[in-house]
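**Q** Protein chains in written order, with the numbering used here: chain A, 412 to 699; chain B, 2 to 556; chain C, 72 to 378. Glycine included, each C-beta is placed from N, C-alpha and C at the ideal position. Everything numeric in this text was worked out from a predicted model, so none of it was measured.
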Amino acid sequence: MSALTHQDGPRAAPGFLRRLLSSPSGAIGLAIVLLLIFCALFAEMLAPYNPSKMGAGGRFLPPGGKHLLGTDEFGRDMFSRILFGSRITLLIGAVAVGISLTIGMAVGMIAAFRRGWVEAILMRSTDVLFSFTETLIALSFVAVLGPSLQNAVIAVGVAGIPFYARTCYAAALVETSKPYFEASISAGAGPARLVLVHLLPNVLPTMIVVATLGVSTAILAAAGLSFLGLGAQPPTSEWGYMLAGSRDYINRAPWLMTIPGIAIAVTVLGFNLLGDGLRTSLDPVERK
Amino acid sequence: MSALLSVKDLSVSLGGKTLVDKISFDVAPGEVLSIVGESGSGKSMTAKALMGLLPPKASATGTAMFDGANLLARDTQTLRGTGIGLIFQEPMTALTPVLTIGLQLTEALESHGLCSKAEARRRAIEMLDRVGIPEPSARMHQYPHELSGGMRQRVVIAMMMLLGPRVLIADEPTTALDVTVQAQILDLLRQIVHETQIGLILITHDMGVVAEMADHVLVMKAGKAEELGPANELFASPTAAYTRELLKAVPRIDAVSAGTELDAQTLLSVRSITKTFQTRGALFKSGAGHRALDDVSLDVRRGETLALVGESGSGKTTLGRVIARLTSADAGQVLLEDTDLTGLAGRDLQARRRAVQMVFQDPYASLDPRQTVGRTIAEPMIIHDALTKAERKQRIESLLEKVGLGVDMARGYPHEFSGGQRQRIAIARAMAARPTLVIADEPTSALDVSIQARVLDLLEGLKQSEDLTMLFISHDLAVVRQIADRVAVMRNGRILELGPASALFAAPKHPYTRALIDVAPVPDPTRKRGKRPVLQGDYPAGPLKEVDAGHWVAE
Amino acid sequence: MWRFLGTRIAMGAFTIWITTILVTLLIHAVPGDPVQIMYAQSQGTTPEQIEEVRRSLGLDRPIPVQYVMYMERLLQGDLGATIRGGQPVLEVILQRLPNTLLLAIAAMFIAIVIGVPIGFLAAYREGTLTDIALMIVAIAGISMPHFWLGLMLLFIFALELGWLPVSGNGWLNLVLPALTLGLSNAAIFARLTRSSMIDVMSQDYVQTAFAKGLPKALVLRRHVLRAGLLPVVTMMGLQFAFMMGGAIVVENIFSWNGVGRMAVEAIFQRDYPIIQGFILTFSVVVVCVAIGIDALYAVLDPRIRRS
Chain A
412 MSALTHQDGP RAAPGFLRRL LSSPSGAIGL AIVLLLIFCA LFAEMLAPYN
462 PSKMGAGGRF LPPGGKHLLG TDEFGRDMFS RILFGSRITL LIGAVAVGIS
512 LTIGMAVGMI AAFRRGWVEA ILMRSTDVLF SFTETLIALS FVAVLGPSLQ
562 NAVIAVGVAG IPFYARTCYA AALVETSKPY FEASISAGAG PARLVLVHLL
612 PNVLPTMIVV ATLGVSTAIL AAAGLSFLGL GAQPPTSEWG YMLAGSRDYI
662 NRAPWLMTIP GIAIAVTVLG FNLLGDGLRT SLDPVERK
Chain B
2 MSALLSVKDL SVSLGGKTLV DKISFDVAPG EVLSIVGESG SGKSMTAKAL
52 MGLLPPKASA TGTAMFDGAN LLARDTQTLR GTGIGLIFQE PMTALTPVLT
102 IGLQLTEALE SHGLCSKAEA RRRAIEMLDR VGIPEPSARM HQYPHELSGG
152 MRQRVVIAMM MLLGPRVLIA DEPTTALDVT VQAQILDLLR QIVHETQIGL
202 ILITHDMGVV AEMADHVLVM KAGKAEELGP ANELFASPTA AYTRELLKAV
252 PRIDAVSAGT ELDAQTLLSV RSITKTFQTR GALFKSGAGH RALDDVSLDV
302 RRGETLALVG ESGSGKTTLG RVIARLTSAD AGQVLLEDTD LTGLAGRDLQ
352 ARRRAVQMVF QDPYASLDPR QTVGRTIAEP MIIHDALTKA ERKQRIESLL
402 EKVGLGVDMA RGYPHEFSGG QRQRIAIARA MAARPTLVIA DEPTSALDVS
452 IQARVLDLLE GLKQSEDLTM LFISHDLAVV RQIADRVAVM RNGRILELGP
502 ASALFAAPKH PYTRALIDVA PVPDPTRKRG KRPVLQGDYP AGPLKEVDAG
552 HWVAE
Chain C
72 MWRFLGTRIA MGAFTIWITT ILVTLLIHAV PGDPVQIMYA QSQGTTPEQI
122 EEVRRSLGLD RPIPVQYVMY MERLLQGDLG ATIRGGQPVL EVILQRLPNT
172 LLLAIAAMFI AIVIGVPIGF LAAYREGTLT DIALMIVAIA GISMPHFWLG
222 LMLLFIFALE LGWLPVSGNG WLNLVLPALT LGLSNAAIFA RLTRSSMIDV
272 MSQDYVQTAF AKGLPKALVL RRHVLRAGLL PVVTMMGLQF AFMMGGAIVV
322 ENIFSWNGVG RMAVEAIFQR DYPIIQGFIL TFSVVVVCVA IGIDALYAVL
372 DPRIRRS
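1. Give me, in chain order, the residues of the same chain whose beta-carbon lies closer than 7 Å to that of serine 434 of chain A; leave out the 5 immediate sequence neighbours on both sides.
2. Since histidine 195 of chain B sits in a beta bridge, which residues does DSSP pair it with?
3. Starting from the Cα of valine 360 of chain C, find the closest Cα among C:Arg376, C:Ala369, C:Leu309 and give me that residue.
4. Return the first residue and the last residue of the beta strand (DSSP E) that serine 270 of chain B is part of.
5. Who are the near neighbours of phenylalanine 552 of chain A in its chain, counting only those whose CB is closer than 8 Å to its CB and skipping five residues on each side?
6. For threonine 64 of chain B and lysine 9 of chain B, which I take to be in contact (beta-carbon distance under 8 Å), what is that distance rounded to the nearest angstrom?
7. Look at the alpha carbon of glycine 316 of chain C and the alpha carbon of serine 42 of chain B, and state the distance between them as a whole number of angstroms.
8. Do the CB positions of leucine 639 of chain A and glycine 656 of chain A come within less than 9 Å of each other?
9. Measuring only the C-alpha atoms, how far is valine 210 of chain B from threonine 319 of chain B?
10. Using a beta-carbon distance cut-off of less than 9 Å, what residues from the stretch 654-668 of chain A approach chain C?
11. Closer than 8 Å, Cβ to Cβ, to anything on chain C: give me those residues from the stretch 5-16 of chain B, in chain order.
12. Assuming valine 37 of chain B contacts histidine 206 of chain B under a Cβ cut-off of 8 Å, what Cβ separation, rounded to an integer in Å, is found between them?
13. Just the C-alpha distance for alanine 257 of chain C and isoleucine 185 of chain C, rounded to the nearest angstrom, thanks.
14. I'd like the span of the alpha helix (DSSP H) that includes valine 106 of chain C, first residue to last.
15. Whole angstroms are fine: how far does the CA of valine 456 of chain B sit from the CA of serine 446 of chain B?
16. Would you tell me roughly how many angstroms separate the C-alpha atoms of alanine 454 of chain B and lysine 249 of chain B, rounded to the nearest one?
17. Let me know if asparagine 662 of chain A comes out buried or exposed under the rule of 16 or more other beta-carbons within 10 Å of its beta-carbon.
18. Skipping 5 residues on each side, what residues in its chain have a beta carbon closer than 6 Å to that of tyrosine 575 of chain A?
19. The beta strand (DSSP E) spanning glutamate 547 of chain B covers which residue range?
20. So, with DSSP's three-state summary, where would you put glutamine 362 of chain B?
21. Along the chain, where does the beta strand (DSSP E) containing isoleucine 1 of chain B start, and where does it finish?
22. Could you have a look at isoleucine 518 of chain B and say whether DSSP puts it in helix, strand or coil?
23. Taking only three categories from DSSP, how would you classify lysine 283 of chain C?
24. Entirely within the stretch 464-540 of chain A and at least 4 residues each: give me those alpha helix (DSSP H) ranges in chain order.
25. Scan the stretch 275-292 of chain C for residues whose Cβ lies nearer than 9 Å to a Cβ of chain B and list them as they occur along the chain.
26. Please tell me whether alanine 427 of chain B has its Cβ less than 9 Å away from any Cβ of chain A.
27. Spatial neighbours of phenylalanine 490 of chain A within its chain, please: C-beta separation below 6 Å, excluding the five flanking residues on both sides.
28. Quick test of your reading: alanine 633 of chain A and glycine 642 of chain A, contact by CB under 8 Å. State the CB separation rounded to the nearest angstrom.
29. Return the residues of the stretch 358-373 of chain C that lie within a Cβ-Cβ distance of less than 9 Å from chain B, sorted by chain order.
30. When the Cβ atoms of the stretch 174-190 of chain C are set against those of the stretch 244-259 of chain C, are three or more pairs found closer than 8 Å?
31. Leaving out five residues on either side along the sequence, give the residues of the same chain with a beta carbon under 7 Å from the beta carbon of glutamine 143 of chain B.
32. If you draw a straight line from the alpha carbon of glycine 557 of chain A to that of proline 102 of chain C, how long is it in whole angstroms?
33. Tell me, which residues are paired with methionine 221 of chain B by DSSP?
34. Is it right to say isoleucine 448 of chain A is buried, meaning 16 or more other beta carbons lie within 10 angstroms of its own, or is it exposed?
35. Could you run through the stretch 571-601 of chain A and flag, in chain order, every residue whose CB is less than 7 Å away from some CB of chain B?
36. List the residues of chain B whose Cβ lies closer than 8 Å to the Cβ of arginine 196 of chain C, in chain order.
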């Protein structure tokens, strides 16, 4: 657009990455998330066995030996299943958050920008939905659509919308009342310019933090649904579903329960830490 | 007289940085020592060090002898309050919101074991009465949010005085208050010093307050003591260059008015503007809202600077925002060169907006943190003017030069610049729209005095060179006197007096204007006044009547 | 204060009203014929029977008429009958609701009793090793899926050590589910308490209290704790709703006979009247608790109490 920004390009706050990495939580979180993405991308190459191949080396083999994390009730290799599970888990997180984030941000920014009755209708209904809680919304959705992984992800995504809308609305309201925004109105900027050039870039940092933390919530919620049998169906290597299946062999093969649980916890921890780290390093550059 | 508190070579450092560098001073009984300096001078850190309330990672060296003990070398908890008291700047946050005023007044008396519960209550009520709070025993059961800012500051003072300290440190105690309330609080402090013979350390940035209050003055800059001496001498013949600079920069209400009255045509005409803000209740609409503007009419002439003056809640900012169409009026018209701005909407309004530009108070929130300075200044041109990139770049550079900044700053982001620089950038942005009217809403209130002076000079210069008309909104009469051609005094959403600056300051016709001028601190200790008339009750606020040529007063 | 509470109660009533509409629409959102789907799993249902059910549910009428019918019955306390067994839905729910409430309240108690002191301690020792260690535990606690925590507790305390029963509905049976739900939420309370306390400690009024020479313990107890706990109280309403949601999963792990377990079974069996009743009950409980918490807040905060 302008000659000036063209040369500079969009620039994050200086030293952003350095600050992220210098906070322990940010650094650890980023490492975990990168590792997960790596596993998800190269699951075929990393996995020693086909995750759905049964009875390769015997059932209920404890961790160690040829099967790093043991085998399950059908003799499938747990390590391979976990690796492929990371792909599903990240996909769940990304899609669900994608749904919540795009719709939530649109609702929040429109409400803060238009004000008046648009604001009233959007935010009142958001309040009502918010008080239903995400679990109930997700459960109702699954009840209507029927149990499947796809429906569970949609349900979790939709259930998150009220929270994202509220957060974005609050952030946008702060920005629209700042003098720089009013100065832009005075300069004659139209709605498109105000929203895209000023509002969006300024609420984005907040929303990035919310979305990163939101990946954790979404993964937990979807895994919870799968655990109840309302999400992923066999033979998916989804961690929550694997955990549900392990209940029957809790005495015989406790690792079937421990391993997917740790996988979920570490993933969620990674996104939580990264979100915390982002929050401190994206904090408004100008603190007096 | 021997000193109550004797500070020698006090230094405070935090994380390797020296915030206060070897300062020394004495405070005698019944004496007011003023520590004056701009932001970052270390004056507040000095107070915190004496109180033993430094942040955990900061450390203090040197000696501060009080009552035979070195305050810097021991745990001062038992001396806090009873030996040395502290009053903060912001009365709105200095009292715990969830506790009653009575409890907050009496708890320290009990905790120090000074008296019984009943006795503490009796003393608290007596002290509230002494600091001028009406119905003191009823106040004991109230919570802080139920009192005004001035009342809360009185409560804080009472809270500290109850403990019978011999030294009181007041850190900008009136900065957050309106001038009329400030005058009352300063009077109260002076009276307390006189009656109890305590030593008062008054920390402030305001040379006017210093002149009115101080016996001795310590001038600080960047952690160092620049000058220490008796107030009269320091104001009459300052020795340090910095003190001279500071005194020169202070705008004076008793200066000869620069304002000239122009006999030009009307550029802007405000007709019977009314604005009521609804108090927000989600479902139950409250009957009457807050009336911010009540039938306000006003003409601004081409090429003049008209100042809107008033205390908080006077409606001056709302009027500015209505003219800039950032707030919509309930009724009335704003005519700019015969176009009614209140009647415009959509694209017509967007196109017309460039004629009226604003400069805001807060330099930190005035610029979009995610845009380069160049892009911020370019915005009005991008919207309104079809310029090539080269032309635009050239204009941005010439604007930056005009406001006294380097052309290479265009590539920087706002957070790289100081408050004064940011305000210059905001002015450049306003100029980029080539406006006919600039509304400056307290443009220098958040800045240090020395920077304020330079920004005011810049505005004045631009007004001449760019042929601008300016609406200058301020609470500070001294600043207004320096810059305004005409002045409108506002209170509770009405204009009470409107006239040429010279006439209005020399011979104010309305009692409220007189009171405002009377209470404004003057940086001249020889003009120390006695107790001032209490400013209360109603002022005439009827329709304006012309008493002199161009001089209007409310009946 | 009454205006504040009045607004909250009106909002709550509005929420419940919206729920009744959504619940009526729910059954129409189901892809395909809901009645067919409901009976797909049971053998030997005749077309006549299906028509009968359709009529009794009012599904042959226009939607607004259905809504009026539904509301009429609802106001008489009739939530319909279950598809399987034909029991009154209200009865089925009321039978189990106390169990769920008991679980949520016990979990809330655990979460507060553990979480708030930890948060306070961490704030008090901000920046020290204690603080860092506590916050690591807290973030790990938040990251742990509670269904997994439940399984682990079940495995350790019920199966390996044999201290507590695996499932059932006695008092001892309450311990593990309540711990499962309480511990995850204790971490949330700990983090919230910490940040709220740190915020309050930097306020001028705390500095003023110190400037009066009050001992640290008194400043913390009187000035910091009172003001710092207000956001925690606000959070309790939301947290209770989360616990009700979490109870759905936890009840299934421990076979706790509450409404959550009932709802999941109903989803599998496509027993829509139960699902409708569950959603309605859930929102009524959440709204009531939220209003209760708001009332508590209004009493605790003088700025609202005396306005």
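**A** Looking at the atomic coordinates:
1. Here residue 434 of chain A refers to the residue found at position 23 of the first sequence. Around serine 434 of chain A: Gly688, Thr691, Ser692.
2. Numbered from 1 along the second sequence, position 194 holds the residue referred to as residue 195 of chain B. Note: histidine 195 of chain B sits in no beta bridge, so no partner.
3. The residue given as residue 360 of chain C occupies position 289 in the third sequence. Looking at the Cα atoms, C:Leu309 is the closest of the given residues.
4. Taking the second sequence and counting its residues from 1, one reaches residue 270 of chain B at position 269. Its beta strand (DSSP E) spans residues 267-278.
5. If you number the first sequence from 1, residue 552 of chain A lands on position 141. The beta carbon of phenylalanine 552 of chain A is closer than 8 Å to those of Asn562, Ile565, Ala566, Val569, Ala570 in its chain, skipping five residues each way along the sequence.
6. As a working mapping, residue 64 of chain B is identified with position 63 in the second sequence. As a working mapping, residue 9 of chain B is identified with position 8 in the second sequence. Sure, about 5 Å apart at Cβ, within 8 Å.
7. The sequence position of residue 316 of chain C within the third sequence is 245, counting from 1. The sequence position of residue 42 of chain B within the second sequence is 41, counting from 1. Glycine 316 of chain C and serine 42 of chain B have their alpha carbons spaced roughly 55 Å apart.
8. Counted from its first residue, the first sequence places residue 639 of chain A at position 228. Counted from its first residue, the first sequence places residue 656 of chain A at position 245. Not in contact: leucine 639 of chain A and glycine 656 of chain A (Cβ atoms no closer than 9 Å).
9. What you label residue 210 of chain B is simply residue 209 of the second sequence in a count that begins at 1. What you label residue 319 of chain B is simply residue 318 of the second sequence in a count that begins at 1. Those two C-alpha atoms are separated by around 29 Å.
10. Leu654, Ala655, Ser657, Arg658, Ile661, Asn662, Pro665, Met668
11. none
12. Residue numbering aside, residue 37 of chain B sits at position 36 when the second sequence is read from its first letter. Residue numbering aside, residue 206 of chain B sits at position 205 when the second sequence is read from its first letter. Confirmed, about 7 Å.
13. Looking up residue 257 of chain C in the third sequence gives position 186. Looking up residue 185 of chain C in the third sequence gives position 114. Roughly 6 Å between the two C-alpha positions.
14. Along the third sequence, one-based indexing puts residue 106 of chain C at 35. 105-110 is the span of the alpha helix (DSSP H), which, as asked, contains valine 106 of chain C.
15. What you label residue 446 of chain B is simply residue 445 of the second sequence in a count that begins at 1. What you label residue 456 of chain B is simply residue 455 of the second sequence in a count that begins at 1. About 11 Å.
16. Translated into positions along the second sequence, residue 454 of chain B becomes position 453. Translated into positions along the second sequence, residue 249 of chain B becomes position 248. Approximately 9 Å between the Cα atoms of the pair.
17. Taking the first residue of the first sequence as 1, we reach residue 662 of chain A at position 251. Taking a 10 Å sphere around the C-beta of asparagine 662 of chain A, we find fewer than 16 other C-beta atoms and assign the residue as exposed.
18. Along the first sequence, read from residue 1 onward, the residue named residue 575 of chain A stands at position 164. Only Ser511, Leu512, Gly515 meet the Cβ criterion.
19. The count along the second sequence starts at 1 and reaches residue 547 of chain B at position 546. Residues 545-549.
20. As a working note, residue 362 of chain B is residue 361 in the second sequence. Here glutamine 362 of chain B sits in coil by DSSP.
21. Within the shown structure, residues of chain B are numbered from 2 to 556, placing residue 1 of chain B beyond reach of any answer.
22. On the second sequence, position 517 is the one that residue 518 of chain B refers to. If DSSP states are grouped into helix, strand and coil, isoleucine 518 of chain B belongs with the helices.
23. Taking the third sequence and counting its residues from 1, one reaches residue 283 of chain C at position 212. Coil, per DSSP.
24. Correct list: 489-525.
25. Asp275, Tyr276, Val277, Gln278, Thr279, Ala280, Phe281, Ala282, Lys283, Gly284, Leu285, Pro286, Lys287, Leu289
26. The residue you call residue 427 of chain B lines up with position 426 of the second sequence. So yes, alanine 427 of chain B belongs to the interface.
27. Taking the first sequence and counting its residues from 1, the one referred to as residue 490 of chain A is at position 79. Same-chain partners within the cutoff: Leu479, Leu480.
28. Translated into positions along the first sequence, residue 633 of chain A becomes position 222. Translated into positions along the first sequence, residue 642 of chain A becomes position 231. About 6 Å; that satisfies the 8 Å criterion.
29. Leu371, Asp372, Pro373
30. yes
31. Start at 1 with the first residue of the second sequence, and residue 143 of chain B comes out as number 142. Excluding positions up to five away in sequence, the list reads Thr101, Ile102.
32. Your numbering for residue 557 of chain A matches position 146 in the first sequence. Your numbering for residue 102 of chain C matches position 31 in the third sequence. Whole-angstrom Cα-Cα distance: 9 Å.
33. Locating residue 221 of chain B in the second sequence gives position 220, where the first residue counts as 1. Its beta-bridge partners are B:Gly38, B:Ala226.
34. Indexing the first sequence from 1 puts residue 448 of chain A at position 37. Under this definition isoleucine 448 of chain A is an exposed residue.
35. Lys589, Pro590, Tyr591, Glu593, Ala594, Ser595, Ile596, Ser597, Ala598, Gly599, Ala600, Gly601
36. Walking along the third sequence from the start, residue 196 of chain C turns up at place 125. Residues of chain B passing the Cβ test: none, with the nearest at roughly 11 Å.
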